[in-house]
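Each residue of the sequence shown is one higher than the one before, counting from -8 in the working numbering. The next block holds one structure in the form of structure tokens; read it before the comments.
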Amino acid sequence: MNSITNSPVQQITFQNQSFLIKRDDLLHKDFSGNKARKFYYYFINDFPNIDTVISYGSNQSNAMYSLSILAKLRGWKFLYYVDHIPSFLKEHPQGNYKYAIANGMQIIEDKEFNKENLQLKNNELFISEGGAVKEAQFGLKILANEIKEYQEQHNIKNLKIFLPSGTGTTALFLQKFLDCEVLTCPCVGDSEYLKKQFLKLEQKEKIHPTIIQTDKKYHFGKLYKENYILWEKLKEKTTIEFDLLYDPVGLKTFLSLPKEKNFTYLYIHQGGLKGNETMIERYLYKYKDLV
Ligand SMILES: *Cc1c(COP(=O)(O)O)cnc(C)c1O
């Protein structure tokens, strides 16, 4: 495997709206979604001195899982720092945590972890939480080109892109490489937080994506019954499984957005399906009537 590019585009109709879905969940069976795009730089380039990749973040993050795949494919060691691992999770590994460990991740609990104090050796590569790094542009430019190519091939005059954001890295770099408008909504923190994230990576506000406010404040990782119901309906009607952390907020915001006439809208499926395992379990445990 040396190419993970060119995921399919599919048209769907949901709640009387027709739009396109860029299926980045189908990039590759293990290395997929926007994390594969963001880490593509590290996947494809030569790093002759590197044999270890280091990162940190939450104990169930999609980025953690994708880094474990990257490390495995490259034959690198993977050290991952977390604040805390609940004893329940240690005893009953599941979801991204379980699969990342199976891929050889060495997880280190360290409440004091601070990347500023990390003394990197020559053989070590550090990747910021969630892949919010400049190098992410490399793979996201390829994604932008795939979208442009699709647009040309299908004679789409006016296109708008929508995708939900965490760190905002994906939306930001897509906007940088696309002429059409990129719309996004915050799923971690509020619009102010997202704006700050954009500014960290790009000072020129003119080339920032458009931020669409969500209908209310959603706390990241928290369970909202209506989100699960929307997710389930989407799966039933379109046969596409979306992610349960970002997509319900993203698609709800996208669907309620007034659509401009003569515009084609493309929503990006950013993968993350390994994480659904634990989310589904949490939902069904909390809301017994959901089944
Ligand atoms: C990480 C992730 C996001 C957020 O991506 P950012 O580049 O951090 O904004 C969205 N959706 C899924 C499924 C993800 O795994």
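From the three backbone atoms N, C-alpha and C, an ideal C-beta is built for every residue, glycine too.
When the options are compared against residue i, the one with the closest alpha-carbon
i	options	result
Asp42	Leu111, Lys68, Asp101, Tyr56	Lys68
Leu58	Gly263, Ile271, His199	Gly263
Gly241	Asn253, Glu227, Asn218	Asn218
Thr205	Gly180, Trp222, His199	Gly180
Pro77	Gly66, Leu70, Ile98	Ile98
Ser156	Ser46, Leu165, Lys148, His19	Leu165
Tyr33	Gln110, Leu11, Gly66	Gly66
Ile147	Phe168, Asn253, Lys13	Asn253
Thr244	Leu235, Lys207, Gly121	Lys207
6 Å Cβ shell around residue i - same chain, five flanking residues per side excluded
i	result
Leu192	Leu163
Asn113	Asn40
Pro239	Asn218, Leu221, Trp222
Glu82	none
Leu235	Trp222, Asn267, Met270
Residue burial classification, residue i (beta-carbon count within 10 angstroms, cutoff 16)
i	result
Ile60	buried
Asp16	buried
Phe153	buried
Gly86	buried
Phe38	exposed
Leu225	buried
Gln6	exposed
Ala93	exposed
Asp74	exposed
Met(-8)	For Met(-8), the predicted structure reports a pLDDT of 47, less than 50, and the residue's modelled location is therefore unreliable. The matter cannot be settled from this model.
Spatial neighbours of residue i in its chain, beta-carbon cut-off 8 Å, leaving aside the 5 residues before and after
i	result
Glu278	Per the sequence shown, the amino acid found at residue 278 is Tyr instead of Glu. Within the same chain, Tyr278 has close Cβ partners Leu214, Lys216, Tyr219.
Whole-Å CB distance - residue i paired with residue j, under 8 Å assumed
i	j	result
Thr255	Leu150	5 Å
Ile198	Pro177	At roughly 18 Å, the Cβ-Cβ gap does not stay under 8 Å, so Ile198 and Pro177 are not in contact.
Leu174	Leu11	Rounded, the Cβ-Cβ distance is 14 Å, inconsistent with contact.
Lys26	Asn(-3)	Not confirmed; about 17 Å, so no contact.
Residues near residue i in its chain [Cβ-Cβ closer than 7 Å; skip 5 each side]
i	result
Glu196	none
Tyr88	Asn50, Gln51, Leu80
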